[in-house]
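J.: Just add 1 to the spot in the sequence shown (first one is 1) and you have the working numbering.
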Amino acid sequence: MKKRIFAVIMIFCLLFAAVCLAQEEVQVDVTFESYMEAGGVLNVTWTEYADETSGLGLIGTPGQTIGEMLQNNGVLSMEPMLEGDVFEGWMEVELITTVDEDGFDWTEYSLIPEPVYTTEELMTLTVPDHNVMYVAKWAGIPAEEYFAPYEDETIALPSITLLCGEGNMLVTGEEEQYEANWSVATIEPGQTFGEVLELDTREIIAPEGKVFAGWTILDYATAAMEISETPVEKEGVLCFELFEDYHVVLHDSYACAEMLTTEELTGYSCEGLDHMVVAVWMTADEYMTYVKDKADAIKAALENDPLPQVDLNLKSEELRELWDAALATVLGEAAKVLPEDEWKALTEAQNAWTEATETAVAAAGKDFEGGSMYPLIVNMEAARLTEARVCEIAEMLK
């Protein structure tokens, strides 16, 4: 009798364990690469828009097919493209991840050159129980040249990742417009961010109740970046959500430029490092507080620091540009929230204000024309008048 009772208990324990294991659904990373080292791209069609990217990373469940996984993630199709070459199919790449003594993940790529799958065959493959990559095979590139080790003089170009955070981007392509929250591109030393990111084709869309305050540029080492399914909240660590269950985590980064306007970002040049460009969003009150605090710091430097005249002129120009940018921001917000008749009236009033300000600034600098103090005088007067105008419009928007 005791043996039977023990056997029954064991059966229940095994059944309970099986149910628990079944409930813990394992998920793996499945990546599709165009082999951007050669200039390849993936034309991806989603349920709501189309996109061009160098690679696509998704979350899959072992046992489902690749086609089912793509469908579950909202991907309708993906087509590798490389100008001047022919796509032959997909090769599997085994990803071997190791953790170094500092706790950073390192991934090695082990190419499996055979078989080469057509896209149709790839769709029928089963998602494995481990992270995997599939890379496009190009006719002009021998398989043995893929993922050559760095010591073989392979040059890895730095990348720029553009993140809109809470907001979005309206991207104007050659044939259509679509919304996107982020994009990534490689950049050669000397190229400007505007060239590579095609900022002239992107319109920033603010989240409700927020204004676009500027761009922050982060430098980081690839070894200090990892991907996480869940948000990471840790002091000194930055975490950005690209899409659901996919977060980029930076363990070590440096803000090399903060609160740049889109125009300033356009002219920024690469210095051979990986960069992340992040949109900064604030409420109207937060933005006004930020601008006033920065303006107060500049004024304090002008009044208290023993600066030569050239530096005083530059500081005053910085103050003028700060309020010019703030004016553009509050006017942009007014264009979005004011009724059409009120916006029209504000536009007319703004044109009159601009003319009056130009006259007042010219009058303030008249007695200093040709002198070393002329830039300081006109910049300070322009900043003073613009500050008052910004505060007036900001109050109107409350």
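Just so you know, even glycine gets a beta-carbon here, dropped at the ideal spot from N, CA and C.
Give a yes or no on whether the C-beta atoms belonging to His-252 and Phe-241 are separated by under 8 Å.
T.: The sequence position of residue 252 within the sequence shown is 251, counting from 1. The sequence position of residue 241 within the sequence shown is 240, counting from 1. Contact flag unset, no.
J.: By Cβ distance, which residues of its chain are closer than 7 Å to Phe-33, with the 5 residues on each side in sequence left out?
T.: Reading the sequence shown from its first residue, position 32 is the one you call residue 33. Correct list, in chain order: Leu-43, Gly-56, Leu-57, Met-79, Tyr-135.
J.: Using the three-state DSSP reduction, which class does Gly-85 fall into: helix, strand or coil?
T.: Along the sequence shown, read from residue 1 onward, the residue named residue 85 stands at position 84. Coil, per DSSP.
J.: Could you check what DSSP says for Met-1 in three-state terms: helix, strand or coil?
T.: Not covered by the structure: residue 1. The range shown for the chain is 2 to 399.
J.: Please report the straight-line C-alpha distance between Val-29 and Leu-266, rounded to a whole angstrom.
T.: Here residue 29 is taken as the residue at index 28 of the sequence shown, counted from 1. Here residue 266 is taken as the residue at index 265 of the sequence shown, counted from 1. So the alpha carbons of these two residues sit roughly 36 Å apart.
J.: For Lys-295, I'd like the list of residues in its chain whose CB is within less than 7 Å of its CB, leaving aside the five on either flank, ordered along the chain.
T.: Taking the first residue of the sequence shown as 1, we reach residue 295 at position 294. Answer for Lys-295: Leu-323, listed in chain order.
J.: Which residues does DSSP pair with Lys-138 in a beta bridge?
T.: Stepping through the sequence shown from its first residue, residue 138 is reached at position 137. When DSSP reads this structure, Lys-138 sits in a beta bridge with Gly-90.
J.: Tell me the rounded alpha-carbon separation between Gln-24 and Thr-262.
T.: Locating residue 24 in the sequence shown gives position 23, counting from the first residue. Locating residue 262 in the sequence shown gives position 261, counting from the first residue. Confidence in Gln-24 is poor, its pLDDT being 43 and thus under 50, which makes the residue's placement unreliable; the coordinate value appears in the next sentence. Their backbone Cα atoms lie some 48 Å apart in a straight line.
J.: Output needed for Ile-67: all residues of its chain with C-beta closer than 6 Å, excluding positions within five of it in sequence on either side, in chain order.
T.: Here residue 67 is taken as the residue at index 66 of the sequence shown, counted from 1. Within the same chain, Ile-67 has close Cβ partners Leu-123, Met-124, Leu-126.
J.: Contact check, Leu-219 vs Ala-181 under 8 Å by CB: the rounded distance?
T.: For this step, residue 219 is matched to residue 218 along the sequence shown. For this step, residue 181 is matched to residue 180 along the sequence shown. Their Cβ separation, rounded to whole angstroms, is 20 Å, which puts Leu-219 and Ala-181 out of contact at 8 Å.
J.: Which partner residues does Glu-34 have in the DSSP bridge list?
T.: For the purposes of this step, residue 34 is identified with residue 33 of the sequence shown, where counting begins at 1. Per DSSP, the beta-bridge partners of Glu-34 are Gly-56, Val-136.
J.: Pop quiz: Gly-168 and Ala-144 are said to be a contact at Cβ under 8 Å. What is the actual Cβ separation, rounded to whole angstroms?
T.: Stepping through the sequence shown from its first residue, residue 168 is reached at position 167. Stepping through the sequence shown from its first residue, residue 144 is reached at position 143. Not really, about 42 Å apart at Cβ, beyond 8 Å.
J.: Under three-state DSSP, which class holds Asp-312?
T.: Position 311 of the sequence shown, counting from 1, holds the residue named residue 312. In this structure, Asp-312 counts as helix in the three-state DSSP scheme.
J.: Which residues in the same chain as Asn-314 place their Cβ atom closer than 6 Å to its Cβ, once the five residues preceding and following it in sequence are excluded?
T.: Here the question's residue 314 lines up with position 313 in the sequence shown. The residues are Pro-376, Leu-377.
J.: Following the continuous alpha helix (DSSP H) through Tyr-50, name the residue where it begins and the one where it ends.
T.: For the purposes of this step, residue 50 is identified with residue 49 of the sequence shown, where counting begins at 1. Careful: Tyr-50 lies outside any alpha helix (DSSP H) and carries neither H nor E.
J.: Quick check on DSSP: helix, strand or coil for Cys-165?
T.: Taking the first residue of the sequence shown as position 1, residue 165 is located at position 164. The answer is coil: DSSP assigns Cys-165 none of H, G, I, E or B.
J.: Please work out which residues of its chain come closer than 7 Å, Cβ to Cβ, to Val-292, disregarding the five sequence neighbours upstream and downstream, and give them in chain order.
T.: To locate residue 292, count along the sequence shown from 1; it is residue 291. So the list reads Leu-323, Ala-327, once near-sequence residues are dropped.
J.: Quick check on Gln-351: does DSSP put it in helix, strand or coil?
T.: In the sequence shown, residue 351 corresponds to position 350, counting from 1. Helix, per DSSP.
J.: Using alpha carbons as the reference points, say which of Pro-159, Lys-300, Val-212, Gln-65 lies closest to Gln-192.
T.: Working through the sequence shown from its first residue, we reach residue 192 at position 191. Comparing Cα-Cα distances from Gln-192 to each of Pro-159, Lys-300, Val-212, Gln-65, the minimum goes to Pro-159.
J.: Considering Cα atoms alone, identify which of Glu-115, Thr-358, Cys-271 is closest to Glu-95.
T.: Looking up residue 95 in the sequence shown gives position 94. It is Glu-115.
J.: Could you tell me which residues DSSP pairs with Val-27 in its beta bridges?
T.: The sequence position of residue 27 within the sequence shown is 26, counting from 1. Looking at the DSSP assignment, Val-27 forms no beta bridge with any residue, so it has no partner.
J.: Helix, strand or coil for Glu-152? Go by DSSP, reduced to three states.
T.: Translated into the one-based positions of the sequence shown, residue 152 becomes position 151. Low local confidence applies: a pLDDT of 40 at Glu-152 is under 50, so the model's placement there is unreliable, and no value is given.
J.: Name the residue from Glu-176, Phe-148, Val-185, Ala-137 whose alpha carbon lies nearest to the alpha carbon of Leu-164.
T.: Translated into the one-based positions of the sequence shown, residue 164 becomes position 163. Ranked by Cα distance from Leu-164, the options Glu-176, Phe-148, Val-185, Ala-137 are led by Val-185.
J.: In three-state terms, what does DSSP make of Thr-387?
T.: As a first step, residue 387 must be located in the sequence shown, where it is residue number 386. If DSSP states are grouped into helix, strand and coil, Thr-387 belongs with the helices.
J.: Here's a check: name, in chain order, each residue in its chain whose Cβ is nearer than 7 Å to the Cβ of Val-197, leaving out the five neighbours to either side.
T.: Translated into positions along the sequence shown, residue 197 becomes position 196. By the criterion of a C-beta distance shorter than 7 Å, Val-197 is surrounded in its chain by Ile-161, Ala-186, Ile-188, once the five residues flanking it on both sides are discounted.
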